[in-house]
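Per our numbering, residue 373 is the first one in the sequence shown, and the count goes up by one each step.
Yeah, the Cβ is synthetic: ideal placement off N, Cα and C, and Gly gets one too.
Computed from a predicted structure; not experimentally measured.
What follows is a short report on a single structure.
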Amino acid sequence: MNRVEGRVKVTGLATYAAEYPAEGVTYAYPVQSRIAKGRIKRIDGGEALAMPGVLAVLSSEDPPRLGEEAQGDLALFQSRDVAYRGQIVAAAVADTYENARAAADAIVVEYEQDLHDVTLRADHPNLYQPETVNPGYPCDTVKGDVEAGLDAAETGIDVTYTTPVQHNNPMEPHAALALWDTEDRLLVYDTAQGASASRDLIAKTLGLPREEVRVVSRHVGGGFGSKGTTRPQAVLAALAARAVGRPVKAVLTRQQMFDVTGYRTPTIQRLRLGADAEGRLTALEHVAYEQSSTLVEFAEQTATPSRVMYATPALRTAHRLVRLDVATPSWMRAPGECPGMYALESAMDELAYAAGIDPIELRVINDPEVEPESGLPFSSRNLVACLREGARRFHWDRRDPEPARLRDGEWLIGTGVAASTYPSRRRPSKAVVTMREGDFLVQIAAADIGTGARTALTRIAAEALGVAPDRVHVELGDSDLPDAPLAGGSMGTASWGSAVVRACEGLKVNGTVGRADTTEEVKRDAELARHAFGAQFAEVRVNSVTGELRVSRLLGVFAAGHIVDARLARSQFIGGMTMGMGMALMEETFTDEEFGGFLRRDLAQYHVPACADVTDIEAVWLDEEDGELNPMGSKGIGEIGIVGTAAAIGNAVYHATGHRVRDLPITPPKIIDLMF
373 MNRVEGRVKV
383 TGLATYAAEY
393 PAEGVTYAYP
403 VQSRIAKGRI
413 KRIDGGEALA
423 MPGVLAVLSS
433 EDPPRLGEEA
443 QGDLALFQSR
453 DVAYRGQIVA
463 AAVADTYENA
473 RAAADAIVVE
483 YEQDLHDVTL
493 RADHPNLYQP
503 ETVNPGYPCD
513 TVKGDVEAGL
523 DAAETGIDVT
533 YTTPVQHNNP
543 MEPHAALALW
553 DTEDRLLVYD
563 TAQGASASRD
573 LIAKTLGLPR
583 EEVRVVSRHV
593 GGGFGSKGTT
603 RPQAVLAALA
613 ARAVGRPVKA
623 VLTRQQMFDV
633 TGYRTPTIQR
643 LRLGADAEGR
653 LTALEHVAYE
663 QSSTLVEFAE
673 QTATPSRVMY
683 ATPALRTAHR
693 LVRLDVATPS
703 WMRAPGECPG
713 MYALESAMDE
723 LAYAAGIDPI
733 ELRVINDPEV
743 EPESGLPFSS
753 RNLVACLREG
763 ARRFHWDRRD
773 PEPARLRDGE
783 WLIGTGVAAS
793 TYPSRRRPSK
803 AVVTMREGDF
813 LVQIAAADIG
823 TGARTALTRI
833 AAEALGVAPD
843 RVHVELGDSD
853 LPDAPLAGGS
863 MGTASWGSAV
873 VRACEGLKVN
883 GTVGRADTTE
893 EVKRDAELAR
903 HAFGAQFAEV
913 RVNSVTGELR
923 VSRLLGVFAA
933 GHIVDARLAR
943 SQFIGGMTMG
953 MGMALMEETF
963 TDEEFGGFLR
973 RDLAQYHVPA
983 CADVTDIEAV
993 WLDEEDGELN
1003 PMGSKGIGEI
1013 GIVGTAAAIG
1023 NAVYHATGHR
1033 VRDLPITPPK
1043 IIDLMF
């Protein structure tokens, strides 16, 4: 199918959060802290209030009323404490964006500054063990005797990998328009990956009943996790609208987005692997060190992929967290699995070379029959089939296994492989399907963040009803519609689609209306290990003089259940793989150790890949049937594409050069330092 919303997007008719019209609209512009830790002594908004068009100054000098459960960055102006550089400490509201920005510059903020600590390190004295890691996994797990397994190994490795701070950079900035209607009900047009969840969090933050808040997010220009939870601009717009009695828009600049909309935590990961003479793992240990803020604990599930991937009699995974004077990290596409699988799959490649075994064969040898950590049976697991199909398509059999052997003039050429995985979840959802004049209206508070949710749900409903897709119309992106979980965790289509199918089934029984709530159905799901799997292959060219690195081929082969729509799927897989290439080669946000905050704060300095950065990229999938998942038999595909890509590229760099870069991103200076 072509995208249902394609025409309105290419003609500019799709309305995003900052574009909704509102009579008498005003603008809020935030003031950010210039220190990393300390306390606000005084805020003087007098000069700002005297400027043309200025309506209000919001700050902790006169804290606006919030609910008792408001916390973190959403508890705007409730405290005089500063937790990180870039934190919102005040805001100006004016009749135009330009007047609001000028007024914000005129607000005087005086601080009492304290010494700050913004550096993650594996020997930090304040590291601790959190109770759980996102979204509720045990922090540490252990099975068998790891030390004995390592001692008994024929081949062993002990390696450490690091990943830097990385930032979500959706095309649409974080924005909100808030207005209070005549019945004193709050309406927020927000850039949200889930209207239902955003409504609930805004209501809790403001101390309102959820019925008094409505969130509309009909079109969202990308999120990658950064719009998965409500961000400060939505609360700022609501508070400002209440203060001035007029609609207020709050649109963050790209630089402000780097400060207050989340990021992927940096990680330090130590892996110890041992294998016997045949290459079978005797032990695997994966320990991850990561950071959070002093405001809110966020512990990424970095080591959890090692609980899923390979058979071993001894397995230990652990996470250690330190609370620093930094902004709170959050979800970024494939949180946990993305950095965790980079380290694990790089370590597996190192073990393969150390043991003299082909990297694909090492993975095949250690493919488990049940989930290694839990012992649960897999609903389906076709990793080996992905590896075999990828090897065939990539002509892996023609590869010289020895590193640094293939040259083209100054260019060294290498190939690498890595596995991918991501959980296949679903959450309870509601939907209503109504027959109207021979057509069908599907209503659900799902979100389309650019992934094609409208199109996928149209197709799912049409197939369930047995009608042509042009007779189905999907309405989503509004919290007044039946509740639905957010677009994230690769569970959107599975969750929403389940409710839509059940509602369609109900309509066929009842005649004109079908309603569904899958809460009980999801509770009855059998206890199984549900995961999508894939194999990533990369070919790189490394200039032996300059260290310049080019990716000439990327191939992803995936086993992700039933593919709802081939065109949407290929787009998602390739998008994830491209983002994984960015992770491997260029994406990095530097932390300013002297002043706090981030040094790279726009797209001139934070580089993301473009079309020219990879010559040949392709994604394919296996025909996988899995009846244990949901009515469609589908697995999430939005995130598995990024998982494993960075490791495949890193492994290819080693094969090309004979040198291992263990600190992302892999840049020319790092390559040159190793080669000379």
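Margin query: Excluding the 5 residues flanking G338 on each side, which residues of the same chain have their C-beta closer than 6 Å to its C-beta?
Written below: Shown here, the chain extends from 373 to 1048; a query on residue 338 therefore has no answer.
Next item on the list: Report the rounded CA-to-CA distance for R406 versus I737, giving the unit in angstroms.
Entry: Here residue 406 refers to the residue found at position 34 of the sequence shown. Here residue 737 refers to the residue found at position 365 of the sequence shown. Between R406 and I737, the C-alpha separation is close to 54 Å.
Next item on the list: Quick one: measure Cβ to Cβ for M704 and Q538, integer angstroms, because I've assumed they're closer than 8 Å.
Entry: As a position in the sequence shown, residue 704 is number 332, starting the count at 1. As a position in the sequence shown, residue 538 is number 166, starting the count at 1. Taking a contact as a CB-CB distance under 8 Å, the pair M704 and Q538 counts as one, their CB atoms being some 6 Å apart.
Check: Is it right to say P507 is buried, meaning 16 or more other beta carbons lie within 10 angstroms of its own, or is it exposed?
Finding: Taking the sequence shown and counting its residues from 1, the one referred to as residue 507 is at position 135. Label assigned to P507: exposed.
Margin query: What residue range does the beta strand (DSSP E) around N915 cover?
Written below: In the sequence shown, counting from the first residue as 1, residue 915 sits at position 543. Unbroken beta strand (DSSP E) run through N915: 903-915.
Check: Hey, out of S1006, T491, A856, G1022, whose CA is closest to L926's CA?
Finding: Residue 926 sits at position 554 when you count from the first residue of the sequence shown. When only C-alpha atoms are compared, the closest one is G1022.
Next item on the list: Would you grab the beta carbon distance between V814 and E835 for me? Rounded to a whole angstrom, and I think it's under 8 Å.
Entry: For the purposes of this step, residue 814 is identified with residue 442 of the sequence shown, where counting begins at 1. For the purposes of this step, residue 835 is identified with residue 463 of the sequence shown, where counting begins at 1. Actually they are not in contact, since the Cβ atoms of V814 and E835 sit about 12 Å apart, beyond 8 Å.
Item checked: Same chain only: Cβ atoms within 8 Å of R942, ignoring 5 sequence neighbours per side -> Along the sequence shown, read from residue 1 onward, the residue named residue 942 stands at position 570. Same-chain partners within the cutoff: A991.
Notebook entry, point to check: Which first and last residues belong to the alpha helix (DSSP H) in which Y725 is found?
Noted result: In the sequence shown, counting from the first residue as 1, residue 725 sits at position 353. Segment 709-727, the alpha helix (DSSP H) holding Y725.
Item checked: Boundaries of the alpha helix (DSSP H) in which A856 is found, first to last residue -> Position 484 of the sequence shown, counted from the start, is the residue given in the question as residue 856. Per DSSP, A856 belongs to no alpha helix (DSSP H) and is neither H nor E.
Next item on the list: Verify whether the separation of the beta carbon atoms of V585 and R603 is less than 7 Å.
Entry: Within the sequence shown, the letter at position 213 stands for residue 585. Within the sequence shown, the letter at position 231 stands for residue 603. Contact: no.
Next item on the list: Tell whether a beta-carbon distance below 7 Å holds between V872 and I832.
Entry: To locate residue 872, count along the sequence shown from 1; it is residue 500. To locate residue 832, count along the sequence shown from 1; it is residue 460. Closer than 7 Å, so yes.
Margin query: In the DSSP assignment, the alpha helix (DSSP H) including D477 goes from what residue to what residue?
Written below: In the sequence shown, the residue the question calls residue 477 occupies position 105. That run of the alpha helix (DSSP H) goes 469-478.
Margin query: On the DSSP letters alone, give me the boundaries of the alpha helix (DSSP H) that H1027 sits inside.
Written below: The residue you call residue 1027 lines up with position 655 of the sequence shown. Counted as a single uninterrupted DSSP element, the alpha helix (DSSP H) harbouring H1027 occupies residues 1017-1029.
Margin query: Cutting at 7 Å between CB atoms, please list the residues of its own chain near A494, excluding the five before and the five after it.
Written below: If you number the sequence shown from 1, residue 494 lands on position 122. Its chain contains I640, Y661 as the residues whose beta carbon lies nearer than 7 Å to that of A494, once the 5 sequence neighbours on both sides are disregarded; these appear in chain order.
Next item on the list: Please go through the stretch 613-690 and give each complete beta strand (DSSP E) segment of 3 or more residues, from N-terminal end onward.
Entry: Qualifying beta strand (DSSP E) stretches, in chain order: 620-623, 639-647, 653-665.
Notebook entry, point to check: Just how far apart, CA to CA, sit W783 and A1028?
Noted result: Within the sequence shown, numbered from 1, the residue matching residue 783 stands at position 411. Within the sequence shown, numbered from 1, the residue matching residue 1028 stands at position 656. Rounded to the nearest whole angstrom, the CA to CA distance from W783 to A1028 is 9 Å.
Check: Of the residues K802, E920, V623, which one's Cα is nearest the Cα of P402?
Finding: Taking the sequence shown and counting its residues from 1, one reaches residue 402 at position 30. It is V623 whose Cα lies nearest to the Cα of P402.
Check: Among E893, A647, Q404, which residue has its Cα nearest to the Cα of A605?
Finding: Within the sequence shown, residue 605 is the residue found at index 233, counting from 1. Rather than Ala, the amino acid found at residue 605 in this sequence is Gln. Of E893, A647, Q404, the residue nearest in Cα terms is Q404.
Checklist line | Option in A904, D739, A476, A976 with minimal Cα separation from A420 | finding: Sequence index remark: in the sequence shown, residue 420 carries index 48 (1-based). When only C-alpha atoms are compared, the closest one is A476.
Note to self: For F1048 and A474, I'd like the C-alpha separation in whole angstroms.
What the structure shows: If you number the sequence shown from 1, residue 1048 lands on position 676. If you number the sequence shown from 1, residue 474 lands on position 102. C-alpha separation (whole angstroms): 52 Å.
Item checked: Where the beta strand (DSSP E) containing M807 begins and where it ends -> Here residue 807 corresponds to residue number 435 of the sequence shown, with the count starting at 1. Unbroken beta strand (DSSP E) run through M807: 802-808.
Next item on the list: To the nearest angstrom, report how far apart I785 and W993 are at their CA atoms.
Entry: Residue numbering aside, residue 785 sits at position 413 when the sequence shown is read from its first letter. Residue numbering aside, residue 993 sits at position 621 when the sequence shown is read from its first letter. The straight-line gap from Cα to Cα measures roughly 27 Å.
Notebook entry, point to check: If you count every other CB in all the chains shown that lies within 10 Å of the CB of A888, and 16 or more means buried, which is it?
Noted result: In the sequence shown, residue 888 corresponds to position 516, counting from 1. In this structure A888 is buried. Its beta-carbon is surrounded by 16 or more other beta-carbon atoms within 10 angstroms.
Next item on the list: Could you tell me the boundaries of the alpha helix (DSSP H) in which F945 lies?
Entry: Your numbering for residue 945 matches position 573 in the sequence shown. 938-957 is the span of the alpha helix (DSSP H), which, as asked, contains F945.
Notebook entry, point to check: Could one say the Cβ of A791 lies closer than 7 Å to chain D's Cβ atoms, at least one of them?
Noted result: Among the protein chains of the structure shown there is no chain D, as only one such chain exists.
Next item on the list: Just tell me which of N471, D530, N541, S746 has its CA closest to the CA of E959.
Entry: Here residue 959 corresponds to residue number 587 of the sequence shown, with the count starting at 1. That would be N541, whose Cα lies nearest to the Cα of E959.
Next item on the list: Starting from W993, trace the beta strand (DSSP E) both ways and give me its first and last residue.
Entry: Residue 993 sits at position 621 when you count from the first residue of the sequence shown. 986-993 is the extent of the beta strand (DSSP E) around W993.
Check: Hey, F670 and P701 are a contact pair by Cβ (cut 8 Å); roughly how many whole angstroms apart?
Finding: Here residue 670 corresponds to residue number 298 of the sequence shown, with the count starting at 1. Here residue 701 corresponds to residue number 329 of the sequence shown, with the count starting at 1. Taking a contact as a CB-CB distance under 8 Å, the pair F670 and P701 counts as one, their CB atoms being some 5 Å apart.
Checklist line | Helix, strand or coil at S870 according to DSSP, with G and I counted as helix | finding: Looking up residue 870 in the sequence shown gives position 498. In this structure, DSSP gives S870 a helical state, which the three-state scheme calls helix.
Next item on the list: Give me the Cβ distance between A904 and S746, rounded to the nearest whole Å; I'm assuming they're in contact under 8 Å.
Entry: As a first step, residue 904 is located in the sequence shown; it is residue number 532 there, counting from the start. As a first step, residue 746 is located in the sequence shown; it is residue number 374 there, counting from the start. Contact doesn't hold; Cβ gap of about 17 Å is too wide.
Notebook entry, point to check: Which residues mark the beginning and the end of the beta strand (DSSP E) in which K413 is found?
Noted result: Mapped onto the sequence shown, residue 413 falls at position 41. Unbroken beta strand (DSSP E) run through K413: 410-416.
Next item on the list: Quick one: using the 10 Å Cβ neighbour count with 16 as the cut-off for buried, is H691 buried or exposed?
Entry: Position 319 of the sequence shown, counted from the first residue, corresponds to residue 691. With 16 or more other Cβ atoms within 10 Å, it is buried.
Item checked: C-alpha distance - Y561 paired with G1005, whole-angstrom precision -> Counted from its first residue, the sequence shown places residue 561 at position 189. Counted from its first residue, the sequence shown places residue 1005 at position 633. Between the alpha carbons of Y561 and G1005 lies a distance of about 34 Å.
Item checked: Beta-carbon separation (whole angstroms), A466 vs V426, contact threshold 8 Å -> Taking the first residue of the sequence shown as 1, we reach residue 466 at position 94. Taking the first residue of the sequence shown as 1, we reach residue 426 at position 54. Correct: roughly 5 Å between the Cβ atoms.
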